[in-house]
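To start, the structure itself, in structure tokens.
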Amino acid sequence: MNEEIRSEEDQSESSAYRTLARAKVLSEALPYMRRFNGQTIVIKYGGHAMGDPELARLFAQDMVLLKQVGMNPIVVHGGGPQIGQMLKQLNIQSEFVDGLRVTDQQTIDVVEMVLAGKINKEIVSNINAAGGIGVGLCGKDAHLITARKLTRTKRDPESNIEKVLDLGFVGEPEKVNPHVLDCFINTDIIPVISPIGVGEDGQTYNINADTAAGAIAKAVGARRLYMLTDVKGILDKDKNLVRDADTDHINAMIADGTIQGGMIPKTETCMDAVENGVEAAVIVDGRAPHAVLLELFTERGAGTMIRGS
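Numbering-wise, the UniProt record's numbering puts 153 at position 153 of the sequence shown, and it's gapless, one number per residue.
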């Protein structure tokens, strides 16, 4: 009998501790909520965070919470793995050059179908299920993203001659129309954008989601740009997380090989954003539940924050 009483007391103490911990978290978050009230933040959503159903559900809840506490979240999503799966199902061969998918007319049709259709509407549905109001857009809507053909060159190691690479209908943002997104600022609507752009001639272009998110963040004057990835952030040579860095620090880490591979274009997008009006860009681990909330609303934060020099 005494053991049962002690067990109940332990459970009561445990419950009280959890309640106190929640209250502490909310108390810590309050100054940050005030600081970012009315501010626009752009979140590039992709990687494992988008592929895991539970993380996808939690991400949608977090976006609704941000809207409810007075922020203006704009979600820009990728979808490379899902595009690859659909191309495989349709028996369409896919080729990559320097990490970019070579996109012919047949492929761009699939890319648009997957990004602006299936993935975009799944994210919108998750936001709506979490009690929010999500609206799906792509760069074609109201001339949101005007794109141009992306050009890349590659130097032949033997002849030392630079060759222009034809990536097909791969584009980069030429102009972003911020007025389309201004319409949602004083509403309950959360815009969800797929990185499909349109050229002056009406041609559809596939745009890297990181690049699209950076261009949108600059155009709307976002307070923050968040890049959800499958790594903790930027690591130093000893594999420790770099929590804060300015653009000079990042450039030095690229030059000495500390930052390499796919992290280079991601950090370059972040630096471009902070050099063009965005207060800070953050590379954060999307595999961690509530990653954006932890970065926004806690003193310690999460991931790597990049600021201007």
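Virtual Cβ for every residue (Gly too), placed ideally from N, Cα, C.
Requested in this report: For P81, name the three-state secondary structure that DSSP assigns.
Outcome: Against the sequence shown, residue 81 aligns to sequence position 81. Helix at P81.
Query raised in the report: The alpha helix (DSSP H) with P173 in it runs from where to where?
Result: Stepping through the sequence shown from its first residue, residue 173 is reached at position 173. Here P173 belongs to no alpha helix (DSSP H); instead the beta strand (DSSP E) covers 170 to 176.
Requested in this report: Report the three-state DSSP secondary structure of N251 (helix, strand or coil).
Outcome: In the sequence shown, residue 251 corresponds to position 251, counting from 1. Three-state result, N251: helix.
Query raised in the report: Should H77 be labelled buried (16 or more other beta-carbon atoms within 10 Å of its own) or exposed?
Result: Along the sequence shown, read from residue 1 onward, the residue named residue 77 stands at position 77. Buried: at least 16 other Cβ atoms inside 10 Å.
Report task. Consult DSSP for G136 and reduce its assignment to one of helix, strand or coil. Result -> In the sequence shown, counting from the first residue as 1, residue 136 sits at position 136. It is a strand residue.
Query - Identified DSSP bridge partners for S194 - result: Reading the sequence shown from its first residue, position 194 is the one you call residue 194. C138, per the DSSP bridge assignment.
Query raised in the report: Which of the three DSSP states, helix, strand or coil, is assigned to I259?
Result: Translated into the one-based positions of the sequence shown, residue 259 becomes position 259. Coil at I259, not helix or strand.
Query raised in the report: Cβ of G197 within 8 Å of Cβ of Y205?
Result: Sequence index remark: in the sequence shown, residue 197 carries index 197 (1-based). Sequence index remark: in the sequence shown, residue 205 carries index 205 (1-based). The answer is yes: Cβ separation under 8 Å.
Query raised in the report: Between the C-alpha atoms of S194 and K237, what's the straight-line distance to the nearest angstrom?
Result: Here residue 194 refers to the residue found at position 194 when the sequence shown is read from its first residue. Here residue 237 refers to the residue found at position 237 when the sequence shown is read from its first residue. Straight-line Cα distance between these residues: approximately 35 Å.
Query raised in the report: Roughly how many angstroms separate the alpha carbons of R6 and L293, rounded to a whole number?
Result: The residue you call residue 6 lines up with position 6 of the sequence shown. The residue you call residue 293 lines up with position 293 of the sequence shown. Note that R6 has pLDDT 48, beneath the 50 cutoff, so the model's placement of it is unreliable and no number is given.
Requested in this report: Determine the closest residue to A280 out of E95, I133, A291, E295, with distance taken between C-alpha atoms.
Outcome: Stepping through the sequence shown from its first residue, residue 280 is reached at position 280. Measuring from the Cα of A280, the nearest candidate turns out to be E295.
Report task. Give me the Cα-Cα distance between V64 and L165, rounded to the nearest whole angstrom. Result -> Looking up residue 64 in the sequence shown gives position 64. Looking up residue 165 in the sequence shown gives position 165. Between V64 and L165, the C-alpha separation is close to 42 Å.
Query - Other residues of its chain near V75: CB distance less than 6 Å, five sequence neighbours each side excluded - result: Translated into the one-based positions of the sequence shown, residue 75 becomes position 75. Within the same chain, V75 has close Cβ partners I43, Y45, V192.
**Report entry** Among I306, A302, T298, G303, nearest to A29 - alpha-carbon criterion
**Finding:** The count along the sequence shown starts at 1 and reaches residue 29 at position 29. Selected option, being the one with the closest Cα: T298.
**Report entry** Unbroken alpha helix (DSSP H) run spanning R57, endpoints
**Finding:** Along the sequence shown, one-based indexing puts residue 57 at 57. Boundaries of the alpha helix (DSSP H) harbouring R57: 53 to 68, taken from the DSSP string.
Query raised in the report: Is there a Cβ from chain C that is less than 8 Å from the Cβ of A280?
Result: The structure shown contains no chain C; it holds only a single protein chain.
Query raised in the report: Out of curiosity, what's the CA-to-CA distance linking A179 and G221?
Result: Within the sequence shown, residue 179 is the residue found at index 179, counting from 1. Within the sequence shown, residue 221 is the residue found at index 221, counting from 1. Checking the displayed sequence, the identity of residue 179 turns out to be His instead of Ala. Between H179 and G221, the C-alpha separation is close to 12 Å.
Query raised in the report: I190 and G132: beta carbons closer than 8 Å?
Result: Here the question's residue 190 lines up with position 190 in the sequence shown. Here the question's residue 132 lines up with position 132 in the sequence shown. Yes. Within cutoff.
Query raised in the report: Per DSSP, L235 is paired with what?
Result: The sequence position of residue 235 within the sequence shown is 235, counting from 1. Paired residue(s): L241.
Requested in this report: Identify, in the order they occur along the chain, each residue of the same chain with its Cβ nearer than 6 Å to the Cβ of E9, setting aside the five sequence neighbours on each side.
Outcome: Numbered from its first residue, the sequence shown carries residue 9 at position 9. Residue placement at E9 is flagged as unreliable, the pLDDT there being 49, under the threshold of 50; the coordinate-derived value follows with that caveat. None.
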